[in-house]
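Below you'll find the structure, written out as structure tokens, and then a few comments.
There are 2 protein chains.
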Amino acid sequence: MTTVRVTVTLKPSLLDSAGRTVAGSLVKLGFDEVKDVRIGKVIRLQLETYDEARVRAMCDKLLANPVIEDYTIEVEP
Amino acid sequence: MTTVRVTVTLKPSLLDSAGRTVAGSLVKLGFDEVKDVRIGKVIRLQLETYDEARVRAMCDKLLANPVIEDYTIEVEP
Chain A
1 MTTVRVTVTL
11 KPSLLDSAGR
21 TVAGSLVKLG
31 FDEVKDVRIG
41 KVIRLQLETY
51 DEARVRAMCD
61 KLLANPVIED
71 YTIEVEP
Chain B
78 MTTVRVTVTL
88 KPSLLDSAGR
98 TVAGSLVKLG
108 FDEVKDVRIG
118 KVIRLQLETY
128 DEARVRAMCD
138 KLLANPVIED
148 YTIEVEP
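Given below as structure tokens:
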């Protein structure tokens, strides 16, 4: 069994309004070292067999929206 | 400037219904090597100064719900 971590984030050129809101709240709570926050999804897949091309296909078909999101695939040790 | 990645996931004992749904959809799309899916959040913080105790405080106060979620903190190179 292989554990694969897919991280899906908004493309850097797009405004992340949730992240912007969290950054503002953190500063209001006194964490004024916070300069920027971006929020994404992490999807942990348990796979019987690992094939990177197939995981890429899962991302393109279901896990991410390639128009507005980037994704990275990492195999967990 | 330090980039810190906070990963927030549901505690393993809790049912992740979104993950369950995604797993079912992937299997229906033909990815039958998928055995389990868990979905979490990844929060990328840009910090002027990094202090792990302060990031932990951000997690406990705002970024995670310690009753139902676990979090990990990683400093990005």
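Here the protein sequences come in this chain order: A and B.
Per my numbering, the first sequence starts with residue 1, numbered consecutively.
Per my numbering, the second sequence starts with residue 78, numbered consecutively.
In this text, a Cβ means the ideal position worked out from N, Cα and C, and glycines have one as well.
Would you kindly work out how many angstroms separate the C-alpha atoms of Ile-73 (chain A) and Val-27 (chain A), rounded to a whole number?
The residue labelled residue 73 (chain A) in the question sits at position 73 within the first sequence. The residue labelled residue 27 (chain A) in the question sits at position 27 within the first sequence. So the two alpha carbons sit approximately 32 Å from each other.
Under 7 Å between C-beta atoms, does Ser-25 (chain A) make it to chain B?
Position 25 of the first sequence, counting from 1, holds the residue named residue 25 (chain A). Yes, its Cβ sits closer than 7 Å to a Cβ of chain B.
Does Val-119 (chain B) get closer than 7 Å to chain A when you measure Cβ to Cβ?
Here residue 119 (chain B) refers to the residue found at position 42 when the second sequence is read from its first residue. At least one CB atom of chain A sits nearer than 7 Å to the CB of Val-119 (chain B).
Thinking Glu-69 (chain A) and Thr-9 (chain A) are a contact (beta carbons under 8 Å), I'd like their distance in whole angstroms, please.
Along the first sequence, read from residue 1 onward, the residue named residue 69 (chain A) stands at position 69. Along the first sequence, read from residue 1 onward, the residue named residue 9 (chain A) stands at position 9. Right, the Cβ-Cβ distance comes to about 7 Å (below 8 Å), so this counts as a contact.
Using a Cβ-Cβ cut-off of less than 9 Å, give me the residues of the segment 122 to 133 of chain B that come near chain A, in sequence order.
Per Cβ criterion, the list reads Leu-122, Gln-123, Leu-124, Glu-125, Thr-126, Tyr-127, Asp-128, Arg-131, Val-132.
I believe Thr-84 (chain B) touches Glu-33 (chain A) by the beta-carbon criterion, under 8 Å. Please report the beta-carbon distance rounded to the nearest angstrom.
Here residue 84 (chain B) refers to the residue found at position 7 when the second sequence is read from its first residue. Here residue 33 (chain A) refers to the residue found at position 33 when the first sequence is read from its first residue. Taking 8 Å as the upper bound for CB-CB distance, Thr-84 (chain B) and Glu-33 (chain A) are not in contact here, some 20 Å apart.
Return the chain-ordered list of same chain residues with a C-beta closer than 7 Å to the C-beta of Ile-116 (chain B), the five sequence neighbours on each side being excluded.
In the second sequence, residue 116 (chain B) corresponds to position 39, counting from 1. For Ile-116 (chain B), where only same-chain residues beyond five positions count, the Cβ hits under 7 Å are Asp-93, Ala-95, Gly-96, Val-99.
Does Ile-68 (chain A) get closer than 7 Å to chain B when you measure Cβ to Cβ?
For the purposes of this step, residue 68 (chain A) is taken as residue 68 along the first sequence, with counting starting at 1. Not one chain B Cβ lies under 7 Å of Ile-68 (chain A).
Pair within 7 Å by beta-carbon distance, Ser-25 (chain A) and Leu-139 (chain B)
Along the first sequence, one-based indexing puts residue 25 (chain A) at 25. Along the second sequence, one-based indexing puts residue 139 (chain B) at 62. Contact flag set, yes.
With DSSP run on the structure shown, which of helix, strand or coil describes Asp-113 (chain B)?
The residue you call residue 113 (chain B) lines up with position 36 of the second sequence. Look at Asp-113 (chain B) here: in three-state DSSP terms it is strand.
For Arg-97 (chain B), which residues in chain A fall below 8 Å Cβ to Cβ?
Start at 1 with the first residue of the second sequence, and residue 97 (chain B) comes out as number 20. In chain order: nothing, as chain A lies at least about 12 Å away.
Which residues mark the beginning and the end of the beta strand (DSSP E) in which Glu-146 (chain B) is found?
The sequence position of residue 146 (chain B) within the second sequence is 69, counting from 1. Here the beta strand (DSSP E) through Glu-146 (chain B) covers 146 to 152.
Backbone secondary structure at Lys-105 (chain B) - three-state DSSP
Within the second sequence, numbered from 1, the residue matching residue 105 (chain B) stands at position 28. The three-state secondary structure of Lys-105 (chain B), taken from DSSP, is helix.
Classify Leu-62 (chain A) as helix, strand or coil using the three-state DSSP reduction.
Against the first sequence, residue 62 (chain A) aligns to sequence position 62. Leu-62 (chain A) falls in the helix class under three-state DSSP.
Kindly indicate if chain A contains any beta-carbon less than 7 Å away from that of Thr-84 (chain B).
As a position in the second sequence, residue 84 (chain B) is number 7, starting the count at 1. Interface with chain A (7 Å Cβ-Cβ cutoff): Thr-84 (chain B) is included.
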